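Residue numbers (this note's numbering): 1 to 197. Notes follow once the structure below has been shown.
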């Protein structure tokens, strides 16, 4: 049995940013191998779905709902990148040592470049000074690719989990605020409130 998870992205904005966000999410899910996963023996499929329903908030002037979620997600991706890169330090150090390469400077460069790439507007562009040197042992390039793939997956998973937690908190706050509204009998809806109340 397969379980589906959907990430909804509003695409009906004047700026067209929704389409870009949807494309970026689809690409990252594929790149990091998060589209299809097996977790605790269950198959999970994650899809990005575009829609216009979230745009209702803009029409009724109720707030920036979907934009806040995007800000939370991409802020977390950049903000947690250093920790995700640090988590790969032991495995990368072992792989580089096995390849006969001094691990210290290479690991520092990996961590710096991973953070810079995670915060870059175009995560597919390689920042200056972050190219893997040509002519080195193949094991070094493979070690960097493995570390980057693992760090991206951990960073993305961390960010998605925290973003979903943010959504749950927002919905919980909305429920509490609705409960705090004054109680009105159905017959009184739309009627002016008597003076003195």
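For each residue, glycine too, the CB sits at the ideal point set by N, CA and C. This one's a predicted model, so the numbers in the text were calculated from it and none came from an experiment.
So, helix, strand or coil for residue i, using DSSP?
{"i": "residue 122", "result": "coil"}
{"i": "residue 26", "result": "helix"}
{"i": "residue 49", "result": "strand"}
{"i": "residue 17", "result": "helix"}
{"i": "residue 180", "result": "coil"}
{"i": "residue 167", "result": "helix"}
{"i": "residue 130", "result": "coil"}
{"i": "residue 175", "result": "helix"}
{"i": "residue 34", "result": "coil"}
{"i": "residue 11", "result": "coil"}
{"i": "residue 5", "result": "strand"}
Rounded to a whole number of angstroms, what is the C-alpha to C-alpha distance between residue i and residue j?
{"i": "residue 106", "j": "residue 41", "result": "37 Å"}
{"i": "residue 150", "j": "residue 166", "result": "24 Å"}
{"i": "residue 139", "j": "residue 145", "result": "10 Å"}
{"i": "residue 162", "j": "residue 187", "result": "43 Å"}
{"i": "residue 126", "j": "residue 92", "result": "20 Å"}
{"i": "residue 72", "j": "residue 159", "result": "8 Å"}
{"i": "residue 25", "j": "residue 179", "result": "35 Å"}
{"i": "residue 8", "j": "residue 156", "result": "16 Å"}
{"i": "residue 81", "j": "residue 181", "result": "41 Å"}
{"i": "residue 108", "j": "residue 119", "result": "17 Å"}
{"i": "residue 17", "j": "residue 50", "result": "12 Å"}
{"i": "residue 64", "j": "residue 87", "result": "In this predicted model, residue 64 has a pLDDT of only 49, less than 50, meaning its place in the structure is not dependable enough to derive any value."}
{"i": "residue 124", "j": "residue 117", "result": "8 Å"}
{"i": "residue 46", "j": "residue 96", "result": "34 Å"}
{"i": "residue 129", "j": "residue 30", "result": "26 Å"}
{"i": "residue 21", "j": "residue 185", "result": "44 Å"}
Checking 9 Å against the spacing of the C-beta atoms, do residue i and residue j come in under that value?
{"i": "residue 85", "j": "residue 143", "result": "no"}
Problem - the segment 173 to 184 touching the segment 128 to 144, judged by at least three CB pairs closer than 8 Å - result: No, the segment 173 to 184 does not touch the segment 128 to 144.
Problem - Meets three-Cβ-pair contact criterion under 8 Å: the segment 76 to 89 and the segment 29 to 45 - result: Under the 8 Å Cβ criterion, the segment 76 to 89 does not count as touching the segment 29 to 45, having fewer than three qualifying pairs.
Practice task
Just list the alpha helix (DSSP H) runs in the segment 68 to 118, keeping only unbroken ones of 4 residues or longer that don't cross its boundaries, in chain order.
Solution key: If only uninterrupted alpha helix (DSSP H) runs of at least 4 residues are considered, those enclosed by the segment 68 to 118 are 81 to 87, 89 to 98.
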